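Chains as they are written, first to last, in my numbering: chain A, 1 to 126; chain B, 127 to 276.
C-beta: ideal position from N, C-alpha, C; glycine also.
On a predicted model such as this, the values are computed, not experimentally measured, just so you know.
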Amino acid sequence: MLTLEAIVEKYQCKIYTLQNYRPDKVIHFGFCSDLMSDALMIMNTVKEEGVLENTLLITGLATNQSIRTAEMLDVEVVLLVRGKVPADQVIELANESNIILLGTDLTMFNTSGLLYQEGIRGISSK
Amino acid sequence: MVSFRKHFDIQAGNYDEAGKAASEIKRVLKQLHFSKDLQKRVSVASYEAEINIVIHSVGGSVDFLIQDNQIFLQFVDNGPGIEDIALAMTEGYSTASDLSRLNGFGAGMGLSNIKKSADEMTLVSDPCGTVMKLKFIDREVVEDDSSQTI
Chain A
1 MLTLEAIVEK YQCKIYTLQN YRPDKVIHFG FCSDLMSDAL MIMNTVKEEG
51 VLENTLLITG LATNQSIRTA EMLDVEVVLL VRGKVPADQV IELANESNII
101 LLGTDLTMFN TSGLLYQEGI RGISSK
Chain B
127 MVSFRKHFDI QAGNYDEAGK AASEIKRVLK QLHFSKDLQK RVSVASYEAE
177 INIVIHSVGG SVDFLIQDNQ IFLQFVDNGP GIEDIALAMT EGYSTASDLS
227 RLNGFGAGMG LSNIKKSADE MTLVSDPCGT VMKLKFIDRE VVEDDSSQTI
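Shown next as structure tokens:
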């Protein structure tokens, strides 16, 4: 388990949505994909309450669609990797949809590996 | 009895606006305290269907209807239609463009994800357009006599 504050500090994340940022928000799980089709398909199989709310969507896709996907799935935090910078309209949509949008320069593989080392686990598709 | 009806137009090729209808549908379901499971199933299916219209059609719309614990969605577009529905339902099969992949879609999972999310799905298509009807039932709703309309 990691708090957003710890994630931001450990991986030098930029906080794009300061107005809805919650440093004490806890993350237990992660899912990474640049394809939102896959995120929608696999994360939609998670039926246990409270899992997706504590899951980090890790993606290199810095468009509105990452935010919309998180919103539909009740995922509250999106972490952009590879130094992707979201456009102003993406940040605006994240704020409107109450999604916390973070960004790191790390690659998707390194981000996931480091999070795994800290005890963050992948969501189960079954 | 809970009753609500809304129509949304969906613009072809507009990736910035894609998901707006699904987002509003989700907001209404949340406001009316439908179960989280139903909210997620309806949101995911309506988002996938909306994206399909944005990517594949020349434009269309969705009609959203709530009747008590049942949700009805009717997606209609104006063509060019799905050539082979059985093939389009196959997981991984996609005719999506590079532009849609740049926007994170086109994995060929949309229709089967919609089917898994909905309680009932009918899909008819010809070159003039496609009509997809979806029905969802919220089994967690306790039926009562209270009257509610928004």
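(Q) Let me check one thing: in DSSP terms, what residues is B/M258 bridge-paired to? (A) To locate residue 258 of chain B, count along the second sequence from 1; it is residue 132. According to DSSP, B/M258 bridges with B/F201, B/L249.
(Q) Cβ closer than 9 Å: which chain B residues qualify as neighbours of A/T63? (A) One-based indexing of the first sequence puts residue 63 of chain A at position 63. Residues of chain B passing the Cβ test: Y141, D142, L228, N229, G230.
Q.
Could you tell me the alpha carbon to alpha carbon distance between A/L80 and A/D34, rounded to whole angstroms?
A. The residue you call residue 80 of chain A lines up with position 80 of the first sequence. The residue you call residue 34 of chain A lines up with position 34 of the first sequence. The alpha-carbon atoms of A/L80 and A/D34 are separated by roughly 10 Å.
Q) If you follow the beta strand (DSSP E) that B/Q165 is part of, which residue opens it and which one closes it? A) As a working note, residue 165 of chain B is residue 39 in the second sequence. Counting along the chain, B/Q165 falls outside any beta strand (DSSP E), though it belongs to the alpha helix (DSSP H) covering 162-182.
Q. Near B/G145, which residues of its chain fall below 8 Å by C-beta distance, leaving aside the five closest residues on each side in sequence?
A. By 1-based counting over the second sequence, the position of residue 145 of chain B is 19. For B/G145, same chain residues with a beta-carbon under 8 Å away, outside a window of 5 residues either side, are Y173, E176, I177 in chain order.
**Q.** Whole runs of the beta strand (DSSP E) within the segment 6-69 of chain A, excluding any shorter than 3 residues
**A.** Segments of the beta strand (DSSP E) lying fully in the segment 6-69 of chain A: 29-32, 55-59.
Q: Give a yes or no on whether the minimum CB-CB distance between B/A148 and chain A is below 8 Å.
A: Counting from one through the second sequence, the residue named residue 148 of chain B turns up at place 22. Taking Cβ atoms only, chain A reaches closer than 8 Å to B/A148, which makes this a yes.
Q. Do you know whose CA, among B/M247, B/C254, B/S251, B/D252, lies nearest B/I263's CA?
A. Reading the second sequence from its first residue, position 137 is the one you call residue 263 of chain B. Among B/M247, B/C254, B/S251, B/D252, the Cα nearest to that of B/I263 is on B/M247.
Q: Return the first residue and the last residue of the beta strand (DSSP E) that B/Q137 is part of.
A: Along the second sequence, read from residue 1 onward, the residue named residue 137 of chain B stands at position 11. Element bounds for B/Q137: n/a, residue is neither H nor E.
Q.
Between the alpha carbons of B/T256 and B/H182, how many angstroms are there, rounded?
A. Stepping through the second sequence from its first residue, residue 256 of chain B is reached at position 130. Stepping through the second sequence from its first residue, residue 182 of chain B is reached at position 56. Their backbone Cα atoms lie some 11 Å apart in a straight line.
Q.
Measuring only the C-alpha atoms, how far is B/L260 from B/A244?
A. In the second sequence, residue 260 of chain B corresponds to position 134, counting from 1. In the second sequence, residue 244 of chain B corresponds to position 118, counting from 1. C-alpha separation (whole angstroms): 6 Å.
Q | Bridge partners - A/Q117, DSSP secondary structure assignment | A | The residue labelled residue 117 of chain A in the question sits at position 117 within the first sequence. Bridge pairing for A/Q117: absent [DSSP].
Q | Same chain, Cβ closer than 8 Å to B/A147, five either side skipped, listed in chain order | A | The sequence position of residue 147 of chain B within the second sequence is 21, counting from 1. Cβ contact annotation for B/A147 (same chain, cutoff 8 Å, sequence separation greater than five): F134, I136, S172, E176, V188, F190, in chain order.
Q) Does any CB atom of chain B fall closer than 8 Å to the CB of A/E48? A) In the first sequence, the residue the question calls residue 48 of chain A occupies position 48. Taking Cβ atoms only, chain B never reaches closer than 8 Å to A/E48, which makes this a no.
Q. Measuring CA to CA, which of A/R82, A/L73, A/A87, A/E49 is closest to A/N64?
A. Within the first sequence, the letter at position 64 stands for residue 64 of chain A. Among A/R82, A/L73, A/A87, A/E49, the Cα nearest to that of A/N64 belongs to A/A87.
(Q) My assumption, with CB atoms under 8 Å, is that B/F201 sits in contact with A/S37. Please give the rounded CB distance. (A) Here residue 201 of chain B refers to the residue found at position 75 of the second sequence. Here residue 37 of chain A refers to the residue found at position 37 of the first sequence. The beta-carbon separation of B/F201 and A/S37, rounded to 17 Å, does not stay under the 8 Å limit for a contact.
**Q.** Candidates B/S220, B/V154, B/K162: closest to B/I192 by CA position
**A.** Looking up residue 192 of chain B in the second sequence gives position 66. Comparing Cα positions, the closest option is B/V154.
Q | Beta-carbon proximity list for A/R121, same chain, < 8 Å, skipping 5 on both sides | A | Along the first sequence, one-based indexing puts residue 121 of chain A at 121. Cβ neighbours of A/R121 beyond the five flanking positions: H28, F29, G30.
Q. Closer than 8 Å, CB to CB, is A/R68 near chain B or not?
A. Position 68 of the first sequence, counted from the start, is the residue given in the question as residue 68 of chain A. By this cut-off, A/R68 is an interface position.
Q) In the structure shown, what three-state DSSP assignment does B/I192 receive? A) Position 66 of the second sequence holds residue 192 of chain B. Looking at B/I192 - three-state DSSP - the assignment turns out to be strand.
Q.
Can you tell me whether A/E49 is buried or exposed? The criterion is at least 16 other CB atoms within 10 Å of its CB, across all chains shown.
A. As a working mapping, residue 49 of chain A is identified with position 49 in the first sequence. So A/E49 counts as exposed.
Q. Where A/D24 and A/L2 are concerned, what is the direct C-alpha to C-alpha distance, given to the nearest angstrom?
A. As a first step, residue 24 of chain A is located in the first sequence; it is residue number 24 there, counting from the start. As a first step, residue 2 of chain A is located in the first sequence; it is residue number 2 there, counting from the start. If you take the alpha carbons of A/D24 and A/L2, they lie about 9 Å apart.
Q) Between the C-alpha atoms of A/L40 and B/M235, what's the straight-line distance to the nearest angstrom? A) As a first step, residue 40 of chain A is located in the first sequence; it is residue number 40 there, counting from the start. As a first step, residue 235 of chain B is located in the second sequence; it is residue number 109 there, counting from the start. Across the structure, A/L40 and B/M235 are spaced so that their CA atoms are roughly 9 Å apart.
Q) Quick one: Cα of B/Q165 to Cα of B/K156, how far? A) By one-based count along the second sequence, residue 165 of chain B stands at place 39. By one-based count along the second sequence, residue 156 of chain B stands at place 30. About 7 Å.
Q | First and last residue of the uninterrupted alpha helix (DSSP H) at A/L93 | A | Here residue 93 of chain A corresponds to residue number 93 of the first sequence, with the count starting at 1. Its alpha helix (DSSP H) spans residues 88-96.
(Q) So, with DSSP's three-state summary, where would you put B/K328? (A) Absent from the structure is residue 328 of chain B, since the part of chain B shown begins at 127 and ends at 276.
Q.
Any heavy atom of the ligand ADP inside 7 Å of the beta-carbon of A/L73?
A. Ligands are entirely absent from the displayed structure, and the ligand ADP is therefore not among its contents.
Q: Pick helix, strand or coil for B/K152, following the three-state DSSP scheme.
A: Here residue 152 of chain B is taken as the residue at index 26 of the second sequence, counted from 1. Note: B/K152 maps to helix in three-state DSSP.
Q: Report the rounded CA-to-CA distance for A/E9 versus B/K242, giving the unit in angstroms.
A: Counting from 1 along the first sequence, the entry for residue 9 of chain A is found at position 9. Counting from 1 along the second sequence, the entry for residue 242 of chain B is found at position 116. Roughly 39 Å separates the two Cα atoms.
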